[in-house]
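Chemist: Each residue of the sequence shown is one higher than the one before, counting from 11 in the numbering used here.
Ideal Cβ placement from N, Cα and C applies to all residues, glycine included.
Owing to the predicted nature of the structure, the values given are computational and were not obtained by experimental measurement.
I have a structure here, written as structure tokens, and I will follow up with some questions on it.
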Amino acid sequence: MQNLASLLPIILMFAIFYFLLIRPQQKRQKAVQQMQANLQKGDKVITIGGLHGIIDSLDENTVVIRAGDGSRLTYDRAAIREVVNEK
């Protein structure tokens, strides 16, 4: 019984740590992966480096983004931070 009482605070701290830090991070990561998987030609995007552009073409692992001056830049899909389509 004494052993269980000494382990209870550690177990409780781990549970709190899981629900406050680990689980929300997993949800965010899953949402980002879903967004990157659903990219389409014509989507307005922002990269992790801050580049704003429109997807010109894409394949399995890369995305070609057309920047404001018309230049086309190739990025990894994982470099897309968010899609900003204004409806």
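Skipping 5 residues on each side, what residues in its chain have a beta carbon closer than 7 angstroms to that of Lys97?
Modeler: In this prediction, Lys97 scores a pLDDT of 46, lower than 50, which makes its location untrustworthy; the coordinate-derived value is nonetheless stated afterwards. No residues qualify anywhere along the chain.
Chemist: Which residues in the same chain as Ala15 place their Cβ atom closer than 7 angstroms to its Cβ, once the five residues preceding and following it in sequence are excluded?
Modeler: Excluding sequence neighbours, Ala15 sits near nothing in its chain.
Chemist: Taking the Cβ atom as the reference point for each residue, do Ile65 and Gln50 lie within a distance shorter than 8 angstroms?
Modeler: Yes, the pair counts as a contact, with Cβ atoms nearer than the cut-off.
Chemist: Which class does Val42 belong to by DSSP, given the choice of helix, strand or coil?
Modeler: Val42 falls in the helix class under three-state DSSP.
Chemist: Using a 10 Å radius around the Cβ and a threshold of 16 neighbouring Cβ atoms, would you call Ile75 buried or exposed?
Modeler: Ile75 comes out buried.
Chemist: Can you tell me the Cα-Cα spacing of Asn71 and Pro19, whole angstroms?
Modeler: Roughly 45 angstroms separates the two Cα atoms.
Chemist: Could you tell me the alpha carbon to alpha carbon distance between Gln36 and Gln46, rounded to whole angstroms?
Modeler: Rounded to whole angstroms, Gln36 to Gln46 spans 15 angstroms at the Cα level.
Chemist: Could you say which of Phe29, Val94, Lys40 lies nearest to Thr57 if we only look at CA atoms?
Modeler: Looking at the Cα atoms, Val94 is the closest of the given residues.
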